[in-house]
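Asks: Here it is, the structure in full.
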């Protein structure tokens with residue numbers, strides 16, 4: 640999937656959206672993959688949101704990936720989990736979600752990319768590519784050159800790279816041209832107040848540079 644439309648519960652609510660309504664807008668705009676992120680939510684609330692979004696996504700043939708929590712991904716019947724560097728190791732997460740689930744891994748440095756290449760993952764992410772205000776991180780931006788290097792490492796192992804951090808409609812083409820197979824977006828999908836139309840615009844821009 641070339642666009643990972645991230646529903647961040649806190650960001651969604653700050654913009655006046657319920658997480659489920661925001662996911663519905665992304666799906667109506669053509670998103671094929673929703674990533675659900677809820678750093679501050681209680682487990683029960685996170686599970687309720689993930690399960691509701693999964694039911695919506697399944698009705699249109701889309702996938703859901705739950706951030707951080709392999710247990711909640713399994714319980715919500717979502718298609719996979721995305722793991723940060725402080726989360727379960729991918730090998731441990733596989734025990735929970737199973738061998739056929741999607742497992743993604745965040746990376747931020749060359750060493751983390753090298754480590755990810757040895758793990759039982761389906762794809763990996765690199766970031767932040769550009770400066771971002773929606774995800775607090777101690778890591779410096781990697782820029783387009785970092786995307787190029789990570790993409791090359793991924794290709795050598797048959798793994799797709801997803802770029803994250805500061806992705807906008809204005810720079811998404813350059814990120815894809817640098818070698819990313821996909822992009823993960825939070826804030827910029829809310830730009831303009833019409834996330835359904837914004838999703839369509841992203842998918843159109845990605846298609847222009849060869850993504851489908």
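In my numbering, the protein residues as written are 640 to 851. Note that the Cβ used here is the ideal one computed from N, Cα and C, for glycine as well. In this text the structure is predicted, and so the values were computed from the model without any measurement.
1. State the DSSP-derived secondary structure class of residue 726, mapped to helix, strand or coil.
2. Restricting to Cα atoms, I'd like to know which of 737, 762, 687, 698 is closest to residue 709.
3. Under the three-state reduction of DSSP, which class applies to residue 851: helix, strand or coil?
4. Report yes or no: is there a C-beta of chain E within less than 8 Å of the C-beta of residue 661?
5. Give the secondary structure of residue 647 by DSSP, where H, G and I count as helix, E and B as strand, and everything else as coil.
6. Between 735, 756, 822, which has its C-alpha nearest residue 783's C-alpha?
7. Going along the chain, which residues of its own chain have a beta-carbon closer than 6 Å to the beta-carbon of residue 851, five neighbours each way excluded?
8. Using only the alpha-carbon positions, how far apart do residue 818 and residue 800 sit?
9. Could I get the ranges of all uninterrupted alpha helix (DSSP H) runs contained in the stretch 679 to 734, with 4 residues as the minimum, in chain order?
10. Mind checking who residue 764 pairs with in its DSSP beta bridge?
11. So residue 650 and residue 675 are in contact, right, with Cβ under 8 Å, and what is the actual spacing, rounded?
12. Shorter than 7 Å, the distance from the beta carbon of residue 752 to the closest heavy atom of the ligand HEM, or not?
13. Excluding the 5 residues flanking residue 711 on each side, which residues of the same chain have their C-beta closer than 7 Å to its C-beta?
14. Check whether the Cβ atoms of residue 672 and residue 701 lie closer than 8 Å to each other.
15. Would you give the residue range spanned by the beta strand (DSSP E) that residue 672 belongs to?
Replies: Straight from the coordinates:
1. As a working mapping, residue 726 is identified with position 87 in the chain shown. Correct three-state label for residue 726: coil.
2. Reading the chain shown from its first residue, position 70 is the one you call residue 709. Here the closest residue by C-alpha is 737.
3. Stepping through the chain shown from its first residue, residue 851 is reached at position 212. Below a pLDDT of 50, predicted positions are generally treated as unreliable, and residue 851, at 47, falls in that range; the measurement from the model is reported next regardless. Here residue 851 sits in coil by DSSP.
4. This model lacks chain E altogether; it includes just one protein chain.
5. Taking the chain shown and counting its residues from 1, one reaches residue 647 at position 8. Residue state, collapsed to three classes: strand.
6. Counting from one through the chain shown, the residue named residue 783 turns up at place 144. Comparing Cα-Cα distances from residue 783 to each of 735, 756, 822, the minimum goes to 822.
7. Counted from its first residue, the chain shown places residue 851 at position 212. At residue 851, the pLDDT of 47 sits below 50, so the modelled position is not reliable; the number obtained from the coordinates is stated separately. There are no such residues.
8. If you number the chain shown from 1, residue 818 lands on position 179. If you number the chain shown from 1, residue 800 lands on position 161. Cα to Cα, residue 818 sits roughly 8 Å from residue 800.
9. 682 to 698, 709 to 714
10. The sequence position of residue 764 within the chain shown is 125, counting from 1. Within the DSSP secondary-structure output, residue 764 pairs in a beta bridge with 745, 801.
11. The residue given as residue 650 occupies position 11 in the chain shown. The residue given as residue 675 occupies position 36 in the chain shown. Going by Cβ atoms, the distance from residue 650 to residue 675 rounds to 12 Å, so no, they are not a contact pair.
12. Absent from the structure shown: the ligand HEM. Ligands present: none.
13. Position 72 of the chain shown, counted from the start, is the residue given in the question as residue 711. Cβ within range, chain order: 682, 685, 686, 689, 705.
14. The residue given as residue 672 occupies position 33 in the chain shown. The residue given as residue 701 occupies position 62 in the chain shown. Going by C-beta atoms, residue 672 is nearer than 8 Å to residue 701.
15. Taking the first residue of the chain shown as position 1, residue 672 is located at position 33. It spans 672 to 676 - the beta strand (DSSP E) in which residue 672 sits, taken as one unbroken run.
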